[in-house]
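Peer 1: Numbering (the numbering used here), first residue to last: 157 to 759.
Glycine included, C-beta positions come from ideal geometry on N, C-alpha and C.
Bear in mind that the values here come from a model prediction, so they are computed numbers and not experimental data.
#1: Could you check where the beta strand (DSSP E) with residue 485 kicks off and where it finishes?
#2: Report the start-end ranges of each beta strand (DSSP E) in the segment 296-360 that is 3 residues or longer and not cut off at the edges.
#3: From 262, 251, 477, 491, pick the residue whose C-alpha is nearest to that of residue 375; which is it?
#4: Just to confirm before moving on: does the CB-CB distance between residue 213 and residue 544 stay below 7 Å?
#5: Please look up how many angstroms separate the CB atoms of residue 317 and residue 350, rounded, as I've assumed it's under 8 Å.
#6: Helix, strand or coil: which one does DSSP assign to residue 513?
#7: For residue 227, which three-state DSSP category applies?
#8: If residue 331 sits next to residue 536, beta carbons under 8 Å apart, how far is it from one beta carbon to the other, in whole angstroms?
#9: Are there 16 or more other CB atoms within 10 angstroms of the CB of residue 552, so buried, or fewer, so exposed?
#10: Does the separation of the CB atoms of residue 507 and residue 158 fall below 7 Å?
#11: Taking 7 Å as the limit between beta carbons, can you name the residues of its chain near residue 324, skipping five residues before and five after?
#12: Drop a sphere of 10 angstroms on the beta-carbon of residue 320, count the other beta-carbons inside from all chains shown, and report buried for 16 or more, exposed for fewer.
#13: Among all the DSSP beta bridges, which residues are the ones paired with residue 441?
#14: Can you name, in chain order, every residue of its own chain whose Cβ lies under 7 Å from the Cβ of residue 334, other than the five neighbours on each side?
#15: Can you say whether residue 477 is buried or exposed, counting buried as having 16 or more other CB atoms within 10 angstroms of its CB?
#16: Report the rounded CA-to-CA distance for residue 693 versus residue 353, giving the unit in angstroms.
#17: With a threshold of 16 other CB atoms inside 10 Å of the CB of residue 505, please say whether the residue is buried or exposed.
#18: Given a threshold of 16 other Cβ atoms within 10 Å of its Cβ, counted over all protein chains shown, does residue 637 qualify as buried or as exposed?
#19: Let me make sure I understand the geometry here. Which of 494, 460, 452, 489 has the alpha-carbon closest to that of residue 474?
#20: Expressed to the nearest angstrom, what Euclidean distance is found between the alpha-carbon atoms of residue 697 and residue 348?
#21: According to the Cβ coordinates, are residue 409 and residue 393 closer than 7 Å?
#22: Among the residues of its own chain, which have a CB less than 6 Å from the CB of residue 464, if the five just before and after it don't count?
#23: Cutting at 6 Å between CB atoms, please list the residues of its own chain near residue 519, excluding the five before and the five after it.
#24: Specify, as a first and last residue, the run of the alpha helix (DSSP H) that residue 681 falls within.
#25: Relative to the alpha-carbon of residue 401, which residue among 358, 430, 388, 311 has its alpha-carbon at the smallest distance?
#26: Assign residue 449 to one of three DSSP states: helix, strand, or coil.
#27: Compute the Euclidean distance between the alpha carbons of residue 267 and residue 256, then round it to the nearest angstrom.
#28: In terms of residue numbering, what span does the beta strand (DSSP E) encompassing residue 464 cover?
#29: How is the beta strand (DSSP E) around residue 401 delimited, first residue to last?
#30: Could you work out which residue in 396, 751, 229 is closest to residue 327 when comparing CA atoms only?
#31: Starting from residue 524, follow its DSSP beta bridges and name the residues at the other end.
#32: Of the choices 648, 254, 265, 371, whose alpha-carbon is the least far from that of residue 292?
#33: Evaluate residue 233 with the Cβ neighbour count: other Cβ atoms within 10 Å of its Cβ, from every protein chain shown; 16 or more gives buried, anything less gives exposed.
#34: Using only the alpha-carbon positions, how far apart do residue 337 and residue 684 sit?
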């Protein structure tokens, strides 16, 4: 597993470490400016230009706006039952509401003929004005108590794991590096944990799909200190000491001192181990193995049989049939990188299996990389980074141009000036005198012919053109073109990044908002995939906990004992198959459309 990270040139390999770091720095305003120096000044010498190379990038504000907009949409987990029993329950409720609706239409006739009000005792909220309203109610409001309780349970786990911060990190990674992930698992105490995974430390097998559902293994690199490793209690003191010696002089750690021995306190004045703060890396990994199960089929009375374990896969009675089955299992462990020490290794307990495909298993890693092909893809930041570089170069060129600008001057043709003065009959006037008059008054009178009648070929004094101004105008124009390219390559109208254009029509801004949402749809889909799969796994783990009597009190206090009982006492809790989807709240533009439609309907 680790060798793939070291040798393969895919995004989760060591070669991509610098790429992720660089993209994150760019997205947070730390873009490297050294590469621009030789572009603006070919020899790299800008001592006489006094340029400010720390030019603001458009990328951080763009990323903040996109991430903030997506996060502020708000998401909720929506649980719906998929098993036949739940569908029958929903159909019964729908048929009851339809019956009440049909009865309400004939209520007046029944009262007139019998004097009995058939609607008496009916709950008002169960009375609808049309079949369409009933359909809408069943799709939006009706939900089995089991699903409501499960939604509360998932929300409880998400809130425990800093849900708002996790959502921000997922969106940020999807926008900046085009991959994100969560990990859902049990901790040592049997508590359900949902953690954000840093793609910088993620290792996976090859995936041909963006959701990474078919990967064979996954792991993450955990940075820790030797003292933290010792505190786990998983290793002996000699093993901890072996680890400390193996990383001495590496990963920024000091070299091993010969004065240190194997004692806790090598010096009287030292209160801790000198190597306790040595930095180490631990790879926390999982992999899927297809195991073969074999049982001896032992006949019993009444033509029955029972299954018996076999020693060395050999039946006690050679006449008995051997049943064989292949199942997928997950093995997990933690490896101290660079050593031969592995701990917490073995068959994973409480493996999560889909209700509809119990022969399969699911890793705790929920990863998504939109638009991936052959394990590579391109983020929004990568797409616009070259354009942003050009914009910064333009700004630096404008600075250099301004630094080299000189005051606008005038051109004086001394021959023509002398001839012009002579033509006016002015004696003893120097060209400098003409320039002073021109600069003081802006006016200069001259004859178009000399004293002897020869015509002058040009003005003796005229303003020099200002080429720097025209060049600055070209730079500004090109910069505006580059900003349009950002909009073209991202599909996000720039007017939706800041405040809307005050002169634009409301309908135009609505269209731009719709285009923005459409352009970011792939980001939203990736988030919902990660978040939804993690929530589905949490739901299965809650089923597992309550069905086996674990954490009942904890969930009861968190979501209510009634909801806990609904989940725990469900007769077919192990068979209850649920679907989990993520509902996104409408944005301001969609809300405005809905409000307009409601107002029209009320009229």
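Peer 2: The relevant details are as follows:
#1: 477-492
#2: 336-342, 348-352, 358-360
#3: 491
#4: yes
#5: 5 Å
#6: strand
#7: helix
#8: 5 Å
#9: buried
#10: no
#11: 223, 227
#12: exposed
#13: 375, 489
#14: 525, 526, 533, 534, 535
#15: exposed
#16: 16 Å
#17: exposed
#18: exposed
#19: 452
#20: 7 Å
#21: no
#22: 452, 454
#23: 374, 442
#24: 677-703
#25: 430
#26: strand
#27: 15 Å
#28: 460-464
#29: First-last for residue 401: 393-403, but that is the alpha helix (DSSP H), not the beta strand (DSSP E).
#30: 229
#31: 336
#32: 254
#33: buried
#34: 11 Å
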